[in-house]
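Here my numbering is used: position 465 in the sequence shown is 1042, and no number is missing along the way. Beta carbons are placed, not taken as given, at the ideal position from N, Cα and C, and that holds for glycine. Treat the numbers as computed from the prediction; the structure is a model and nothing was measured. Below you'll find the structure, written out as structure tokens, and then a few comments.
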Amino acid sequence: MTGNMSSFRYKAFISYNHADEAWAKWFHRQLERYRIPGKLVGQNTSFGVIPKRLQPVFLDREELSSGSDLSAKVKQVLADSGALVVICSPAAAASRWVNEEIREFRRQGRGDRIFAVIVDGDPAGREGENCFPPALLEAEDGSEIEPLAADARKWADGKLLSLLKLLSGILGIALDSLRRRDLQRRQRIWALTTVGVLAVAVIIMLAITFRISAQKSQAAAEARRASAEQLVGFKLNEVAGLIEAPQAGEELARLKEWSDAELEALLRESGVDRDSALTTAFALREAGIDFWRQGQADDAIDAFSRSWALIAEHYRENQSTALLFELGQAEYWLGQMAMDASDFDEAERSFLVYTGITRKLLRAEPENAEWVLEMTYALSNLGGLEKRSRRGDPLRARQYLQAALQFNQIALVLDPGNSDYERELEQSHAFLADAHLQVCDLGGALQARIEGTRLARKEVETDPDDPRARRFLGYGLGGLARVQLNVGLVGQAAASLRESIGLLETLIESDPSDIRLKMLLMERRSRLLAVTSLEEPAAVALSEADQLNEAWQATLQGGQSIPVDLSEEYGSFLLVRERIARSAGASKLAEEVLNQALAYSSEQVDAAPQIELLKFSLLDAAFRYFQRHGQVPLTPHVNEIMEMPIVESESPSCTHMRLAVQNAILQERSEAAKGYTANLLAKGYYEPEFISFCREYELCTGD
């Protein structure tokens, strides 16, 4: 008897040979961490009610190291497990214990709850290479069976699709429903966000009021839906003012890049029928995602291109809504690869097609909340593109991302209480805050960060054990602290940083291999030191800075690749340490640290000259050197960076204006420096160190 999922102590038991331990640990971690889409949670299946997460999953081999039979403890754990996941490889096929665990699970009458995943070897059964344990090929009555298995290898399903196949089997739900929602939940490009159009804001507030106050009656639900559908049409018309309407057939224009012979060969490779070709297309996409995550750009582009062509060819023959959606996802990934390569024209082409596809889906089904949220993703991508491109317009980016946030709100009106949509709204507000900062709207940024943090805190309070919720609250508090410090709320910034640090520390305890978390933790500790050192004794601050430097060294030398978007953070810390050392009278140490900061920032610019943030970090170090010595350092790149047009747009960011002040001082243009300073102060920029140096150079005397 299969039994109900909730009646088992463990959601699954992972059976594996020690040679495949790395794979077993990966699937264990991913199964336990995976958050089931909110729309599926609570549904009844043949295996019981779908939970929020599959926790716990059993993974422990210590008791199998000796003995002639499975221990009573292992038999009990198998009896207490709702499913058996078998990691299949030649090593597993030869393993006595893996076979015994499979047989024991079958003896309990739950052969239908055994799920296999191939990580190595040959499913066809060639001598010495067979990946299936013999017990997996035997039914309870001893007859031969052919197991169905996910295949985690790169050229097959890949890690992600294999994981989703396991989840769909364990949960008893269709793979397509899980895969689609997982695609929709992918990471959006971190960009900017927001500025509200008053009329739209009013309509949204009315719609949200409907959601909050409406009684649970059919009439109220229909009224709410009608209001949201009307709002969708209104917003689509507004988007049309930002983006040209797609031409007929534009979603298939890329097929012109494929010859008939190339398409025929691709179709032959993928199988003779439509279903097998689409299976290949999805497997190619998952392989592309794996390649992308591992930094193998050429392999990723090849996989994404072939996946797109297979889907497009079938969409040309059968223009169904499902295929159109998949074509949009395929176009998104091509745009992501172009974005990574800084090919912004090609990225714009893909993102506009993706947005056009989403608009077509939404025109056909304005009441479909999933399509509404897909428009949030599409517009976020366009906003991110505007931010990344050198010719990008921050005001236009903010328009895109304001609309993205509003579509997110509409999705919640259409599907009230959807936890996935609420989590997306946290990110939308975070993007909104960044968008405000890009045009130095500090009031808007503070309001957006407060709202995003409120939503994140609510999610943590609802589910304190959810690592994703704690991660996003940790991220959000760090962003809130940055804005608080910019407007001079020093005490509040310190409190936000301390809470953020506490959250990140607990997350790192459970996953010490996450280098991004480690770098973000170090960045927040550095910012907290910069704040607290303003008021504590210099000797105490210097001791803390020395300890933090040791922690930085351990992180940087830990053998892990440092994310390029965080590589400048150590340079920023060095400038904090230099200031503290000089305040403590440690002049020699201060000079050494300043030279170290210049060298480090110069090396980072050498390694990634296309990243503007690294150049600005070097300019910060050069300005500090100028403050100490009255001249510009001879460090490479400094002179060329000083010649950069730092303030170009009509609405520059606070960071750009602050750097423009420093650059003007370096170039002895005092009137320009005073003008930039006046603009910053008028916008409410009262970051403590900025105020200190602008008083030093008599740019803001009396303020």
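Residue nearest to residue i in terms of C-alpha spacing, selected from the options
i, options, result
"ARG684", "ALA712, GLU834, GLN871 and MET1096", "ALA712"
"ASP879", "LEU1133, LEU1014, TRP910 and LEU1081", "TRP910"
"PHE921", "LEU887, ASN958 and GLU723", "ASN958"
"MET582", "GLY659, TYR593 and LYS1165", "GLY659"
"SER1269", "ARG1235, ALA1241, ARG862 and SER919", "ARG1235"
"LEU1098", "THR1109, LEU1084, VAL1108 and ALA1107", "LEU1084"
"HIS1214", "ALA1255, LEU929, GLU1245 and SER1178", "SER1178"
"LYS616", "GLY1136, GLU947 and ALA601", "GLU947"
"GLN986", "LEU972, GLY969, ARG973 and HIS1006", "HIS1006"
"ARG1104", "GLU1266, PRO614, LEU1166 and ALA980", "GLU1266"
"LEU1019", "LEU1066, ASN1216, ALA877 and LEU748", "LEU1066"
"ILE1218", "GLU1248, LEU1166, GLN1187 and GLY1207", "GLN1187"
"ALA858", "LEU938, LEU738, GLN824 and LEU1191", "LEU738"
"GLN983", "VAL809, ALA907, HIS891 and GLU677", "VAL809"
"VAL1016", "GLU1038, SER882 and ALA974", "ALA974"
"ARG1045", "SER1087, ILE934 and MET1096", "SER1087"
"SER897", "ALA874, SER882, LEU938 and LEU887", "LEU938"
"GLY1068", "LEU1002, PHE1049 and VAL1108", "VAL1108"
"ALA727", "ALA716, ASP718, ASP699 and GLU715", "ASP699"
"ILE1139", "ILE691, MET1096 and LEU1106", "MET1096"
"GLN1024", "VAL1037, GLU1036 and PHE1008", "PHE1008"
"GLU1057", "GLN1130, ARG1034, SER1090 and LEU755", "It should be noted that the sequence gives Leu, not Glu, for residue 1057. Taking only the C-alpha atoms, the option nearest LEU1057 is ARG1034."
"VAL930", "TYR1274, ALA1071, GLN824 and GLU894", "GLN824"
"VAL1224", "VAL1209, ILE691 and GLU1189", "GLU1189"
In DSSP terms, what residue i is bridged to
i, result
"GLY625", "THR622"
"SER658", "TYR587"
"PHE635", "PHE590"
"ASN707", "ASP699"
"ARG630", "ARG612"
Continuous beta strand (DSSP E) stretch holding residue i: start and end
i, result
"PHE590", "589 to 592"
"ILE691", "691 to 695"
"ALA899", "Careful: ALA899 lies outside any beta strand (DSSP E), inside the alpha helix (DSSP H) at 898 to 917."
Contact belief for residue i with residue j at Cβ below 8 Å, rounded distance in angstroms
i, j, result
"LEU541", "SER745", "No answer is possible for residue 541: the residues shown for the chain start at 578 and end at 1280."
"ALA1175", "ALA1198", "According to the sequence displayed, residue 1175 carries Leu and not Ala. With 8 Å as the limit, LEU1175 and ALA1198 qualify as a contact, their Cβ atoms being about 5 Å apart."
"SER1228", "LEU972", "6 Å"
"PHE902", "GLY912", "Incorrect: roughly 16 Å between the Cβ atoms, too far for contact."
"GLN1181", "GLY1135", "Contact doesn't hold; Cβ gap of about 18 Å is too wide."
"ILE747", "LEU636", "The pair is not a contact, with the Cβ atoms about 15 Å apart (cut-off 8 Å)."
"GLY688", "ALA716", "7 Å"
"ALA1259", "LEU1276", "Contact doesn't hold; Cβ gap of about 13 Å is too wide."
"LEU752", "LEU741", "6 Å"
Residue span of the alpha helix (DSSP H) that contains residue i, given as start and end
i, result
"VAL1238", "1231 to 1243"
"ASP718", "It is not in any alpha helix (DSSP H) - ASP718 carries neither H nor E in the DSSP assignment."
"CYS1271", "1265 to 1273"
"ILE664", "First-last for ILE664: 661 to 665, but that is the beta strand (DSSP E), not the alpha helix (DSSP H)."
"ALA727", "No alpha helix (DSSP H) holds ALA727; the beta strand (DSSP E) holding it covers 726 to 728."
"VAL1060", "1044 to 1063"
"MET952", "946 to 965"
"ILE1092", "1092 to 1109"
"GLY1148", "1146 to 1160"
"ASP879", "874 to 894"
"TRP600", "598 to 610"
"GLU1076", "1067 to 1087"
"THR1254", "1247 to 1259"
"TRP674", "673 to 684"
"TRP1129", "1115 to 1133"
"HIS1206", "1189 to 1206"
"LYS937", "921 to 941"
"GLN1024", "1019 to 1039"
"TYR1262", "Run containing TYR1262: none; DSSP gives neither H nor E here."
Below 8 Å, how does it come out for the region 838 to 858 and the region 814 to 826: are there three or more Cβ pairs, yes or no? Segments in contact, no.
Could you tell me whether the region 617 to 634 touches the region 663 to 679, using the rule of 3 or more Cβ pairs below 8 Å? The region 617 to 634, when compared against the region 663 to 679, does not touch it at the 8 Å Cβ threshold.
Using 8 Å as the threshold, is the region 1137 to 1146 in touch with the region 1096 to 1110, meaning 3 or more CB pairs across them? Short answer: they touch.
Whether or not the region 1118 to 1126 and the region 1064 to 1081 are in contact is what I'm after, with contact meaning three or more pairs of Cβ atoms, one per stretch, closer than 8 Å; do they touch? These segments do not touch.
Please confirm if the region 1153 to 1173 is in contact with the region 1187 to 1196, defined as three or more CB-CB distances below 8 Å between the two stretches. Remark: fewer than three beta-carbon pairs, one from each stretch, lie closer than 8 Å, so the region 1153 to 1173 and the region 1187 to 1196 are not flagged as touching.
Taking contact to mean at least 3 C-beta pairs separated by less than 8 Å, is the region 1237 to 1244 in contact with the region 1201 to 1221? The region 1237 to 1244 is in contact with the region 1201 to 1221.
Tell me, please, whether the region 985 to 1001 touches the region 938 to 956 by the rule of three or more beta-carbon pairs shorter than 8 Å. Two segments are said to touch when three or more pairs of C-beta atoms, one from each, lie closer than 8 Å; by this definition the region 985 to 1001 touches the region 938 to 956.
Three Cβ pairs or more, each shorter than 8 Å: is that satisfied between the region 645 to 657 and the region 584 to 597? A contact exists between the region 645 to 657 and the region 584 to 597.
Counting beta carbon pairs with one atom in the region 602 to 613 and one in the region 671 to 688, are three or more of them shorter than 8 Å? With a cut-off of 8 Å, the region 602 to 613 and the region 671 to 688 do not count as touching, because too few Cβ pairs lie within range.
Should the region 996 to 1006 be called in touch with the region 824 to 840, which here means at least 3 C-beta pairs below 8 Å? Judged by Cβ distances under 8 Å, the region 996 to 1006 makes no contact with the region 824 to 840, as fewer than three pairs qualify.
Count the C-beta pairs between the region 860 to 874 and the region 722 to 733 that are closer than 8 Å, then say yes if the count reaches three, no if not. Per the Cβ contact rule, the region 860 to 874 is in contact with the region 722 to 733 (3 or more Cβ pairs under 8 Å).
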